[in-house]
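To start, the structure under review is shown below, and the notes come after it.
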Amino acid sequence: MERLPMIGLTLTQDFLSTPPPFFQVHCGIGDPSIKHDRSQVTVCISSTKHKNWFPDSMGSVLKVTSDSDYENLVQGLLSRPLFLDVALERFTAPACENYQKTTKADMFVTVNTAHPVIKSQLLKVIDEGRTLIRAGKKFAMKITFNGVLKDWFRSLLAGDEGLLSCLNTVAFAENASIVITNTSEFFEPYGCNPSLICCTICCLPCCLLTCPLYRLHRILTTTDRKVKIQGEIQYLNWVDGVPHAQSNCQFIMHQEVRRRGIYSGSTNAV
Numbered sequence: 001m002e003r004l005p006m007i008g009l010t011l012t013q014d015f016l017s018t019p020p021p022f023f024q025v026h027c028g029i030g031d032p033s034i035k036h037d038r039s040q041v042t043v044c045i046s047s048t049k050h051k052n053w054f055p056d057s058m059g060s061v062l063k064v065t066s067d068s069d070y071e072n073l074v075q076g077l078l079s080r081p082l083f084l085d086v087a088l089e090r091f092t093a094p095a096c097e098n099y100q101k102t103t104k105a106d107m108f109v110t111v112n113t114a115h116p117v118i119k120s121q122l123l124k125v126i127d128e129g130r131t132l133i134r135a136g137k138k139f140a141m142k143i144t145f146n147g148v149l150k151d152w153f154r155s156l157l158a159g160d161e162g163l164l165s166c167l168n169t170v171a172f173a174e175n176a177s178i179v180i181t182n183t184s185e186f187f188e189p190y191g192c193n194p195s196l197i198c199c200t201i202c203c204l205p206c207c208l209l210t211c212p213l214y215r216l217h218r219i220l221t222t223t224d225r226k227v228k229i230q231g232e233i234q235y236l237n238w239v240d241g242v243p244h245a246q247s248n249c250q251f252i253m254h255q256e257v258r259r260r261g262i263y264s265g266s267t268n269a270v
């Protein structure tokens with residue numbers, strides 16, 4: 001993994017046309033079928049859009065039942081690249097304009113879990129999980145890359161949109177997470193995000209009762225942790241089976257937005 005970047009991003013089209021050597025892509029009618037060498041990469045894809053592409057994916061929730069399960073899982077995570085997907089969306093309302101620009105991209109994420117910067121962050125949550133499972137306690141450790149990817153995508157194209165664009169730009173990222181647990185993952189709509197809680201309660205009034213009860217039960221029975229991994233993002237493609245990481249990731253994406261139409265158009269601002 002020494003030639004891989006900390007966090008590599010690859011557009012879906014580039015991955016399908018020149019996949020890494022440990023993937024086999026079979027394209028036909030309908031969605032592609034993609035197999036991988038489990039000794040070379042850990043695939044944790046569970047998004048609705050791509051999970052059927054990867055029939056051997058471990059999914060995003062990694063269940064363990066014993067110390068040995070935990071150690072085997074951890075060894076695999078730290079010794080092989082971690083492969084995820086991410087759905088990115090960005091909204092910008094240019095100053096003095098009455099429309100909103102929308103930019104979307106589906107990308108694959110390759111995480112070099114052996115890189116010292118990434119590994120040191122992973123080990124903190126892994127060590128805590130090891131202590132908890134040995135003590136016979138329930139836990140759910142969420143490791144997410146959505147935050148760093150969202151921040152990167154939010155800054156994309158900022159140079160074209162003026163100095164004040166950052167004040168009118170929001171971005172979202174989802175799917176680039178895994179959960180290591182010996183019970184179940186935390187139900188995010190009942191989390192600490194006020195907008196999610198309000199939306200859930202407004203749509204389902206019964207949640208006024210169930211949300212506090214769930215939170216109390218979870219606090220009493222389970223240790224929940226959420227770790228937001230940080231690291232340098234580079235564009236990653238493969239040439240003749242060799243990884244090529246390019247630091248000018250934003251420039252590459254800028255070109256792709258214009259060439260491939262990732263930029264999805266404009267809508268009237270509300």
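Residue 247 in the UniProt record's numbering sits at position 247 of the sequence shown, with consecutive numbering throughout. Note that the Cβ used here is the ideal one computed from N, Cα and C, for glycine as well.
Nearest candidate by alpha-carbon position, reference residue i, set the options
| i | options | result |
| --- | --- | --- |
| His217 | His26, Lys35, Phe186, Ile34 | Phe186 |
| Ser33 | Val41, Gln40, Gln24, Ala176 | Gln24 |
| Phe108 | Phe145, Glu2, Ile126, Ile29 | Phe145 |
| Glu2 | Gln246, Ala114, Tyr214, Thr183 | Ala114 |
| Thr42 | Val74, His50, Pro243, Val239 | Val74 |
| Leu123 | Leu9, Gln100, Lys228, Thr183 | Lys228 |
| Tyr235 | Ser247, Ser184, Leu78, His26 | Ser247 |
| Ile126 | Leu213, Asn72, Gly28 | Asn72 |
| Gly30 | Gln40, Lys49, Ser39 | Lys49 |
| Glu174 | Ser68, Leu88, Lys63 | Leu88 |
| Ser184 | Asp67, Pro116, Arg225 | Arg225 |
Distance, residue j Cα to residue i Cα
| i | j | result |
| --- | --- | --- |
| Cys44 | Tyr70 | 16 Å |
| Arg80 | Ser120 | 15 Å |
| Ala105 | Ser46 | 17 Å |
| Val61 | Ala140 | 9 Å |
| Thr92 | Val148 | 19 Å |
| Arg130 | Lys35 | 31 Å |
| Glu188 | Arg215 | 11 Å |
| Gly76 | Lys51 | 20 Å |
| Trp53 | Leu78 | 24 Å |
| Thr65 | Thr169 | 43 Å |
| Thr223 | Lys137 | 8 Å |
| Gly59 | Ile178 | 8 Å |
| Phe153 | Ile7 | 14 Å |
| Pro20 | Arg90 | 28 Å |
| Ser39 | His244 | 21 Å |
| Leu156 | Thr221 | 42 Å |
| Glu128 | Cys27 | 42 Å |
| Asp56 | Ala135 | 32 Å |
| Gln13 | Ile180 | 30 Å |
| Trp238 | Ser17 | 10 Å |
| Ser68 | Leu213 | 33 Å |
| Lys63 | Asp240 | 36 Å |
| Pro116 | Ile219 | 32 Å |
Collapsed DSSP secondary structure at residue i in the structure displayed
| i | result |
| --- | --- |
| Ile29 | coil |
| Arg154 | helix |
| Pro20 | coil |
| Thr48 | coil |
| Arg218 | helix |
| Asn168 | helix |
| Thr210 | helix |
| Pro243 | strand |
| Gly8 | strand |
| Glu71 | helix |
| Ile126 | helix |
| Glu89 | strand |
| Lys137 | coil |
| Val111 | strand |
| Glu174 | strand |
| Thr183 | coil |
| Lys65 | According to the sequence shown, residue 65 is Thr rather than Lys. Note: Thr65 maps to coil in three-state DSSP. |
| Asp14 | helix |
| Gln40 | coil |
| Ile118 | helix |
| Asn268 | Low confidence applies here, because Asn268 scores a pLDDT of 45, under 50, leaving its location unreliable; read the following figure in that light. Strand, per DSSP. |
Sub-8 Å separation of residue i and residue j beta-carbons
| i | j | result |
| --- | --- | --- |
| Phe172 | Lys150 | yes |
| Asp37 | Phe15 | no |
| Ile133 | Gly231 | no |
| Phe83 | Thr102 | no |
| Ala176 | Val242 | no |
| Leu4 | Asn112 | yes |
| Leu9 | Ile233 | yes |
Interface flag, residue i vs chain B, CB-CB below 8 Å
| i | result |
| --- | --- |
| Ser177 | This model lacks chain B altogether, as it is built from one protein chain only. |
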